[in-house]
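Below is one structure; the comments refer to it alone.
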Amino acid sequence: METAKINANIAVGDHRDLLDIIDKLRFQGVSHYVDLPEIIVCGDQSAGKSSVLEAVSGMQFPIKDGLCTRFATELVLRRGPNISNKVSITPGESRFGEDKERLENWVPTASIDEEGLGVVTKEAEAMMAIPTGTGEFYEDTLRVELSGPEQPHLTMVDLPGLFRGVNKNQSDAGISIVHDMVERYMEQPRSIILTVVSAKYDYVLQEVTRMAKKADPEGLRTIGLITKPDTLDVGSPSEDYYFRLAQNTAAELYLGWHVLKNRSYDERDVTLAQRNANEKDFLSQGLWSSIEPSHRGVESLKIRLSNVLRDQIIVQLPSLQRDVEDGIANCLENLKRLGPVRGTSQQQRSYLLRVSENYTHLMRQAVDGTYTDRFFGHRNDRSNYGKRLRAAVRVRLDEFAEEMRVNGQNQHIADSASDDEDYSNSRLVVPSIPRSEFISKVARRLKYNRGRELPGLFNPLIVNDLFIEQCTPWKGIVMSLADVMLEAVHLTTEKVVEQIAAREVSEGVLKLIRKKVEGLRIEMVSQIDALLASATQHPITNNPQLVQHVQQTQEDRHKRKVKSLITKMFGTSRFDGSDKKISINPVELLALAGEGFEPNMELFGSALAVDYMKAFYKVAVNRFIDDVSVLAIEDCLINKLPSLFTPSSVVEMSDEELYLLAGETEKSSLERKRLELKREILERGLQDLKSLYKRSTVVGHTAYRGSSPEDSENVSTITQSKSEKESPTSDRGRDASELVSEAVPVNEEQHPALQADDMKWPDWSSPAIRKTVKDVTGEESRWGFT
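Remember, my numbering sits 12 above the position in the sequence shown when you count from 1.
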């Protein structure tokens, strides 16, 4: 098996320091917010978890069939010259204030040495307020710290045992609560799952095996632990199956399996030394004797678990620091959203003054189209378009102008197939009518509405009537513009207020601004109605373009007629620029020219009226577009937005208005306390992680998997500053690799902090050392820590 290469920019000078820093993070509560590397001990009820912990720690754990612990227990083991112990409670995430302090300050009255952990556990249950027999489980953790010369450097989290049966101490609700708790711990990607499986029961019937498979499908972070192998009949299929499990063939796990013999009921009073001797004697017989020494017995289990946890911590440290930093950033962002404390009227007024100043500033830039504030984002980012109100207004006004010019008329009067090319637009949705047909309709109307005008002239009132009919779509188009403008205003306003105010305050501020925007809407609609009324009054204009439009229209029509006559006489080729002479028959030419005049004076007057109506429409529609844009949209709505919520309006608010708008709810107050606590915890944790980097020495690295029991006193080969030690890297009995440390010369002028035997790493961006791994084939591979 190849040596696992852990890609970490840090190697730790002391195994204990490495574990202590993670335990400190857990004790501080960092694990409530960020998953920490840890070994979780999972198993069905009565699978022997307590006996395993007892064998590893040397301390007797309470064993009571039919009743499991109702909280997680963190077991912290450290090697030291003196024997000591400490028991405490780590409060859960939901604990606050006095309740949290009560648990943190708890000290058991009973002594572990004299009365045992069982009595202390009952005290902890009472302190956590867990009524006996209710089936209730808490998120608080009982922390047991043991130190002594025989202890390994190891931390484990013991979880309540899984169960299916119900009795007076275990309810149906407790089944799902324990299941969910164990599942939640298993799903944490940095957890090493120590799956305790009892050989006394069928492997497939034990719930923990199915849950571990679900949480870790590839078996990359699961260690299987077989207990009670002495209950198997020698030579039975069950013994063979569990033996193949131990050999990692029946159910393969990347970290392998381990076998442990627990005390039997008859051996419950034997000493720990006798227990270990009995285990060693049993596992040296029969099938179990062929299991690798590194995979059987409690002594090798201590070393194996210690090294696996160490390596997992090193692998996860870089991503752990990133997660902590992300958590701090998230806290700061959410605290910013909540805003400062607003318990008094003065605090509320001060806060709203700042909010109103920011609103005025951002809304003024949105209206003016400057967009220099970071709030508006990058100019090429279209996701920020809703913040840029001026851009939205310009786009909608352009669309309004185009819609008015194309579809603003009730009917499109087509002079001929080539006439009014400006209206050959795909957006044209109004009906089209030939000019001759429209003139005939006008002539019939003039016939029954004659005044004192001479024949061939038209009643001036007909122009006004025709114009009003043509303007029928205007109101619908302009009211649609008002609606889309209000949508743009509301969108920008929401984004601005969300940026500057806490979530619960933003709702009140938005409500206040929307109420004022509604007043602006009423004013804008009133102005639009006035403009519509003015536009449909008696046609009045001093615009010289009116006559120009009439003359240009008639001139163009006359040119088309002349061109048509010439084409009729001489063919289309006469307009190709040729100077070839042609013969003209004056009589024929005179006859054709006479066809271009309208002999019916009523139709002649109607045609002139239509020309004037169309010319006036062109003048009036452009004037109306400008009037709506400036007098209605800009003056009545857009330009007034920055003044809707100003500091002066905040100053004039009563205390009651301030409270209704910016008063802080109990929910927000608790949320702020929770976030401040989370930030404080994560910031302390980040400092601890950074301090670990600062004091770390540059060293080599062993395999991901656990070392063999031959490693003296469970010394980690992860840090060796003055001497190199051999460390087997296989957990399946294969040939181990030889780990050799080769220091690469370092420029001391560039890195004065780096020393030969105790090199510090002040600059992680510079390579300082590399390791050579030489396997049994003599091949070498090198890599550098950068």
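All C-beta atoms in this analysis are idealised placements derived from N, C-alpha and C, irrespective of residue type, glycine included. Since the model is a prediction, treat every value here as computed from it, not as a measurement.
message = Could you check whether the stretch 377-394 touches the stretch 407-416, counting it as contact only if at least three pairs of C-beta atoms, one from each stretch, sit closer than 8 Å?
response = For the pair of segments examined, the stretch 377-394 was found not to touch the stretch 407-416: the number of CB pairs separated by less than 8 Å stays below three.
key: Buried or exposed by the 16-neighbour rule on C-beta atoms within 10 Å, applied to residue 554   = Here residue 554 is exposed: its Cβ has fewer than 16 other Cβ atoms, across all protein chains shown, within 10 Å.
task = Answer with buried or exposed for residue 152, where buried requires no fewer than 16 other C-beta atoms within 10 angstroms of its C-beta.
result = Burial call: buried.
task = Have a look at residue 477 and residue 483 and give me their C-alpha separation to the nearest angstrom.
result = Those two C-alpha atoms are separated by around 10 Å.
message = Determine whether the beta carbon atoms of residue 5 and residue 670 lie at a separation below 8 Å.
response = Residue 5 lies beyond the range of the chain shown here (13 to 798); nothing can be said about it.
task = Closer than 8 Å by C-beta to residue 139: which residues in its own chain qualify, once you throw out the five before and the five after it? Chain order, please.
result = Here the set comprises 101, 114, 115, 118.
key: DSSP bridge partner residues for residue 56 (one or two, in chain order)   = According to DSSP, which records beta bridges pairwise, residue 56 is partnered with 174.
request  = Below 6 Å CB to CB, which residues in the same chain sit around residue 32 once its five sequence neighbours on both sides are set aside?
outcome  = No residues qualify anywhere along the chain.
Reference residue 557; option with closest CA among 492, 533, 496, 630 = Minimum Cα distance to residue 557 is reached at 630.
request  = Starting from residue 474, trace the alpha helix (DSSP H) both ways and give me its first and last residue.
outcome  = Segment 473-482, the alpha helix (DSSP H) holding residue 474.
key: CA-to-CA distance, residue 517 to residue 405, given in whole angstroms   = Computed Cα separation, rounded: 28 Å.
request  = Kindly indicate the opening and closing residues of the beta strand (DSSP E) around residue 424.
outcome  = Element bounds for residue 424: 424-426.
message = Taking the beta strand (DSSP E) that residue 159 belongs to, which residues open and close that run?
response = In the DSSP assignment, residue 159 falls within the beta strand (DSSP E) that extends over 153-160.
query = On the premise that residue 192 lies in contact with residue 65, defined as a C-beta separation below 8 Å, what is that separation, rounded to the nearest angstrom?
reply = With a beta-carbon spacing of about 22 Å, residue 65 and residue 192 fall beyond the 8 Å limit used to define contacts.
key: Bridge partner(s) assigned by DSSP for residue 269   = In the DSSP output, where bridge partners are listed per residue, residue 269 has 236.
query = Going by Cα to Cα distance, which pick from 353, 261, 233 is closest to residue 685?
reply = It is 353.
request  = Starting from residue 489, trace the alpha helix (DSSP H) both ways and give me its first and last residue.
outcome  = 486-512 is the span of the alpha helix (DSSP H), which, as asked, contains residue 489.
request  = Out of 536, 634, 239, state which residue places its alpha-carbon closest to the alpha-carbon of residue 414.
outcome  = Considering only alpha carbons, the answer is 634.
query = What is the rounded straight-line gap between the Cα of residue 394 and the Cα of residue 524?
reply = So the two alpha carbons sit approximately 29 Å from each other.
query = From the DSSP output, which residues share a beta bridge with residue 99?
reply = Answer is 156, bridged to residue 99.
task = For residue 532, I'd like the list of residues in its chain whose CB is within less than 7 Å of its CB, leaving aside the five on either flank, ordered along the chain.
result = Excluding positions up to five away in sequence, the list reads 648, 649, 652.
Member of 163, 44, 312, 402 whose CA lies at the smallest distance from the CA of residue 6 = Summary: the structure shown does not reach residue 6, with the chain confined to residues 13 through 798, and so no result is reported for it.
query = Between residue 266 and the rest of its own chain, which residues show a CB-CB distance below 6 Å, the 5 nearest in sequence each way excluded?
reply = Only 231, 232 meet the Cβ criterion.
key: residue 207 - partner residues in DSSP beta bridges   = Paired residue(s): 54, 236.
key: Residue range of the unbroken alpha helix (DSSP H) whose run includes residue 418   = Residues 401-419.
inquiry  = Once DSSP output is grouped into helix, strand and coil, what is the label at residue 552?
reply    = Here residue 552 sits in coil by DSSP.
message = Give me the residue from 159, 655, 350 with the minimum Cα distance to residue 682.
response = The residue with the shortest Cα to Cα distance from residue 682 is 350.
task = Note down the Cα distance separating residue 27 from residue 51, rounded to an integer number of angstroms.
result = Going by C-alpha positions, residue 27 is about 16 Å away from residue 51.
task = Evaluate residue 497 with the Cβ neighbour count: other Cβ atoms within 10 Å of its Cβ, from every protein chain shown; 16 or more gives buried, anything less gives exposed.
result = Buried, since its Cβ has 16 or more Cβ neighbours within 10 Å.
query = Taking just the CA atoms, how far does residue 156 sit from residue 248?
reply = Rounded to whole angstroms, residue 248 to residue 156 spans 40 Å at the Cα level.
request  = Take every Cβ of the stretch 261-278, pair it with every Cβ of the stretch 301-315, and state whether three or more of those distances are shorter than 8 Å.
outcome  = With the cut-off at 8 Å, the stretch 261-278 and the stretch 301-315 touch.
task = Could you check if residue 258 is buried or exposed, using at least 16 other CB atoms within 10 Å of its CB as the buried criterion?
result = Under the 10 Å beta carbon count, residue 258 is surrounded by 16 or more other beta carbons and is classified as buried.
inquiry  = What does the alpha-carbon distance come out to for the pair residue 758 and residue 698?
reply    = At residue 758 the pLDDT is 35, less than 50, meaning the model places this residue with poor confidence; the figure from the coordinates comes in the next sentence. Distance between the alpha carbons of residue 758 and residue 698 is about 29 Å.
query = What residue does the alpha helix (DSSP H) around residue 64 start on, and which one ends it?
reply = Start and end: 61-69.
message = Judging by CA-CA distance, which residue of 109, 424, 662, 175 is the nearest neighbour of residue 372?
response = Restricting attention to 109, 424, 662, 175, the CA atom closest to the CA of residue 372 is found in 662.
request  = May I ask which residues mark the beginning and end of the alpha helix (DSSP H) holding residue 136?
outcome  = From DSSP, the alpha helix (DSSP H) with residue 136 extends over 129-139.
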